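Trainee:
Numbering (mature numbering (1 follows the signal peptide of the UniProt record, and there is no 0)), first residue to last: -26 to -1, 1 to 198.
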């Protein structure tokens, strides 16, 4: 695969991953708890409690949904604030990475000389890859704000990137589910979490394509 094709694939994959993450943030049912059932069955339920980043709802067997919208930001649970902040930061720096990749790709005619374009592509790849990897950093989730640094000759441009929100949210559900001291509903992971994880994996792959393309280009330049 030549460098130009690799960069195009990297761009398509990273944009697709960013779209998945953005869509998951707006989706409902981040966690779901079915209740009721017939003969103890969990398949036929009479209602569902579910929650997203923005509200909690209950849907009965007649498909009637009643919701409670979360109040102002400072009245929301701390872990929800962390998840929102991480996802918004990841989306914002994802936009920066997309712009840098557009400027630096070999098939575009903007972005200055070859050295400047290579730096732009390298920065975009670092942002995409570090954003996906931070998803799995559960241990350091309170500090999951990652800095992607782009060095020009004398200018340092830094952006915050964090997409560990899914891990924070899933870890919270896991802890509550297996904690015997917590009474009440036992929530399960919802579809948006898996969509977000898939998006981060795709974004990692796209960023890796960018980084490999830059390393190949640097190797060719060195050989010449």
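The C-beta atom is built at its ideal place from N, Cα and C for all residues, glycine as well.
Note that the structure is a prediction, hence the values are computed from the model and not measured.
Alpha carbon to alpha carbon, how far is residue 44 from residue -24?
Mentor: Distance between the alpha carbons of residue 44 and residue -24: 48 Å.
Trainee: Distance, Cα to Cα, residue 93 vs residue 171?
Mentor: Answer to the nearest angstrom: the Cα atoms are 28 Å apart.
Trainee: Where does the unbroken beta strand (DSSP E) through residue 24 begin, and where does it stop?
Mentor: Residue 24 -> beta strand (DSSP E) spans 21 to 25.
Trainee: Taking the beta carbon of residue 168 as the centre, do at least 16 other beta carbons fall within 10 Å, making it buried, or is it exposed?
Mentor: So residue 168 counts as exposed.
Trainee: What's the call for residue 100, buried or exposed, on a 16-neighbour Cβ count within 10 Å?
Mentor: Its Cβ being crowded by 16 or more others within 10 Å, residue 100 is buried.
Trainee: Straight-line CA distance for residue 57 to residue 27?
Mentor: Approximately 8 Å, taken between the alpha carbons.
Trainee: How is residue 31 classed by DSSP in three states: helix, strand or coil?
Mentor: Three-state DSSP puts residue 31 in a strand.
Trainee: Check whether the segment -19 to -8 and the segment 146 to 156 are in contact - that is, three or more C-beta pairs closer than 8 Å.
Mentor: No, the segment -19 to -8 is not in contact with the segment 146 to 156.
Trainee: Please confirm whether any heavy atom of the ligand GDP lies closer than 6 Å to the CB of residue 54.
Mentor: By its list of ligands, the structure shown contains no ligand whatsoever, and the ligand GDP lies outside what it can speak to.
Trainee: Excluding five sequence neighbours on each side, which residues of the same chain lie with their C-beta closer than 6 Å to the C-beta of residue 164?
Mentor: Hits under 6 Å: 3, 4, 5 and 6.
Trainee: Ordered along the chain, which non-local residues of its own chain (more than five positions away) have a Cβ less than 7 Å from that of residue 54?
Mentor: If we look at residue 54 and ignore the five residues flanking it on each side, its Cβ neighbours are 27.
Trainee: Please state whether DSSP places residue -11 in a helix, a strand or coil.
Mentor: DSSP places residue -11 in helix when its eight states are reduced to three.
Trainee: Given a cut-off of 7 Å, decide if residue -26 and residue 187 are closer than it, judged by their beta-carbon atoms.
Mentor: Not closer than 7 Å, so no.
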